[in-house]
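Structure record follows, encoded as structure tokens.
In the working numbering, the protein residues as written are 929 to 1079.
Here you go:
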């Protein structure tokens, strides 16, 4: 049963999350797209291009961090009460391999939701030729911003 105060769980809730994502100027600038959003989960994809690469041609670590931070943030936001918003308090990213492929997919998962803080984890996979390689992992703390609707 969906909790009545949860943002997600209705068509309206999903639409509000997608509308919030559409206002993400940073994600639009780097060309990242919202691929999936479910209660406690979010996936964001990025097709690498020269504008988001570092000097060796791999996707820049800052861009990898940005997409996994955003995926974790929206995963948490799906469980936040209506009339609230989300803010990242901290996150740590481990870069495991160069971010190179046809597409990167950042996934955020809620580990522990709370009234004030929410803990998430994230993974970034590089996809190439039907194979996926783990290139980064993240742990994140989010803050529920009560009284600050994201709409």
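All C-beta atoms, glycine included, are put in the ideal place defined by N, C-alpha and C.
query                                                                                                                                       : result
Between 998, 1034, 1014, which has its C-alpha nearest residue 1060's C-alpha?                                                              : 1034
Return the CA-CA distance between residue 1036 and residue 1068, expressed in angstroms with no decimal places.                             : 9 Å
Give me the residue from 1043, 948, 1026, 1046 with the minimum Cα distance to residue 993.                                                 : 1026
For residue 1029, is the classification buried or exposed, using 16 other Cβ atoms within 10 angstroms of its Cβ as the cut-off for buried? : buried
Whose C-alpha, out of 1050, 1044, 1042, is nearest the C-alpha of residue 1021?                                                             : 1050
Helix, strand or coil for residue 1049? Go by DSSP, reduced to three states.                                                                : strand
By alpha-carbon positions, which one of 1044, 1058, 1032, 966 ends up nearest to residue 974?                                               : 1032
When you compare the CB positions of residue 1071 and residue 1017, do they come within less than 8 Å of one another, or not?               : yes
Smallest Cα separation from residue 1065: which of 1000, 1045, 1077, 1009?                                                                  : 1000
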